[in-house]
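Q: When the letters of the sequence shown are read in order and numbered with my numbering, they come out as residues 1024 to 1303. Even glycine gets a Cβ: it sits at the ideal position worked out from N, Cα and C. Bear in mind that the values here come from a model prediction, so they are computed numbers and not experimental data. Below you will find the structure I want to go over with you.
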Amino acid sequence: MRRNANREERGGRLLSALAAAVLLTLLLGIIHRLYHCEYTDTDTPNDCFAVSAATGETALPKMVCLTFDDGPSKNTVPILEILDREQVPATFFVCAQDANERYLPLVADIAAAGHQIALHSATHQYSKIYASTDAFWQDIKALRQALEPYVDIGGIDWLRFPGGSTNTVSHRYGGRGIMKTLKAQAEQKGYHWIDWNVCAEDATASHPDAAQILRNIRRDAEGHDLCVVLLHDTKATGQTVKALPDIIQWFREQGYTFCTVAQMQAVKDEVSQPKEQPAE
Ligand SMILES: [Zn+2]
């Protein structure tokens, strides 16, 4: 009897150890997926090929940042109307190229409505901005000067690299290490930068319609508690305007809260702060 009991005990321990090992493997797999989100690298000068560091942090509420790049343009106006109607904050990574010139005063309206203005590029020409790190910061300086008449420029400290921080198109012009250097310099200069983990693919050559834009977003958002959605408000992205009410409704139905990228960062910082121990 004693020997049988011992054998059962050993068997039980073995089973527990096995179960623990399986659980650990599963857990490690999940952590690996969360922290090593895959991304596609490409030479195509398109903004849809980087991935944000913002991936599922389970301690955080479900949050989504709608981000609009390459504006302002005529399409910024209806986008602001929809955001206002839906009471949804968003972030605008703006440009100051020729196409934007007429619409630049809109950045004052964007800011007045409570949205976040962030920097993208003055010219958005890869061959120019990624020719050297100096060229990049010259372009950012030109953008800041163009925005200055309309917004409190001192309060703008977020940027998004054209093509994303992992783009390889920059290597052609500024060498393989240019993005790494630019990211370090951005931090030294006190900038926050952010990519995205959900791509609407609304500015691609295939010109997707509103339904396809929503499908692209749903596909990428799947499984992410924190979503940073890349959209565009250029003159060519009328379908984005059309899709926007459905995009907002879909994220609402999934239980997401809308916020700007700065607001999302503030919540993340709060969660990651170590709790203060009460003094004894
Ligand atoms: Zn862009």
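Look up Ala1219 in the DSSP assignment and say whether it is helix, strand or coil.
A: Strictly speaking, residue 1219 in this sequence is Trp, with Ala absent from that position. Residue state, collapsed to three classes: coil.
Q: Ligand 1 and Asp1162: does any heavy atom of the ligand fall closer than 8 Å to the residue's C-beta?
A: It does not: the Cβ of Asp1162 is nowhere closer than 8 Å to a heavy atom of ligand 1.
Q: Going by DSSP, what residues sit across from Cys1088 in a beta bridge?
A: Bridge partners of Cys1088: Val1251.
Q: In angstroms with no decimal places, state the Cα-to-Cα distance between Glu1080 and Val1251.
A: Only weak support exists for where Glu1080 lies, its pLDDT of 45 falling under 50; the value from the coordinates is given anyway. Whole-angstrom Cα-Cα distance: 13 Å.
Q: For Gln1139, which of helix, strand or coil comes out of DSSP?
A: Strand, per DSSP.
Q: Between Arg1242, His1143, Leu1254, which lies nearest to Tyr1214 when the distance is taken from Cα to Cα?
A: Tyr1214 has its Cα closest to that of His1143, out of Arg1242, His1143, Leu1254.
Q: Ordered along the chain, which non-local residues of its own chain (more than five positions away) have a Cβ less than 8 Å from that of Ile1179?
A: Excluding positions up to five away in sequence, the list reads Ile1140, Ala1141, Leu1142, Arg1167, Leu1170.
Q: Extract the residue ranges of the alpha helix (DSSP H) inside the stretch 1248-1298, only unbroken runs of 4 or more that lie entirely within it.
A: You should have 1261-1276, 1284-1295.
Q: Whose C-beta lies closer than 7 Å to the C-beta of Val1087 among residues of the same chain, with five residues either side of it excluded?
A: For Val1087, where only same-chain residues beyond five positions count, the Cβ hits under 7 Å are Cys1250, Val1252, Phe1274, Tyr1279, Phe1281.
Q: Could you please give the first and the last residue of the uninterrupted beta strand (DSSP E) stretch that includes Thr1114?
A: Unbroken beta strand (DSSP E) run through Thr1114: 1114-1118.
Q: Do Ala1122 and Ser1155 have their CB atoms nearer than 9 Å?
A: Contact flag unset, no.
Q: Starting from Arg1242 and walking both ways along the alpha helix (DSSP H), at which residues does that stretch end?
A: Note, Arg1242: alpha helix (DSSP H), 1233-1244.
Q: Do Val1117 and Gly1137 have their C-beta atoms within less than 9 Å of each other?
A: Not closer than 9 Å, so no.
Q: State the CB to CB distance for the pair Lys1291 and Leu1083, rounded to an integer number of angstroms; the pair is presumed to be in contact (CB under 8 Å).
A: Indeed, because the Cβ distance is near 7 Å, the residues count as touching under 8 Å.
Q: Would DSSP call Leu1170 helix, strand or coil?
A: If DSSP states are grouped into helix, strand and coil, Leu1170 belongs with the helices.
Q: Pro1185: beta carbon under 8 Å from a heavy atom of ligand 1?
A: Pro1185 Cβ: within cutoff of ligand 1.
Q: Give a yes or no on contact between the stretch 1227-1245 and the stretch 1098-1110, applying the rule of three or more CB pairs nearer than 8 Å.
A: No, they do not touch.
Q: Count the other CB atoms within 10 Å of the CB of Ala1135; is the residue buried (16 or more) or exposed (fewer)?
A: Classification of Ala1135: exposed, given that the 10 Å Cβ count is below 16.
Q: So, are the CB atoms of Val1264 and Ile1152 less than 9 Å apart?
A: Not a contact, by the Cβ cut-off of 9 Å.
Q: If I measure Cβ to Cβ from Thr1260 and keep anything under 7 Å in the same chain, skipping five residues before and after, which residues do I get?
A: Contacts found: Asn1098, Asp1225, Ala1226.
Q: The alpha helix (DSSP H) spanning Ala1209 covers which residue range?
A: 1201-1211 is the extent of the alpha helix (DSSP H) around Ala1209.
Q: What is the DSSP secondary structure of Leu1106, reduced to helix, strand or coil?
A: Helix.
Q: Over what stretch of residues does the alpha helix (DSSP H) that includes Tyr1153 continue unbroken?
A: Element bounds for Tyr1153: n/a, residue is neither H nor E.
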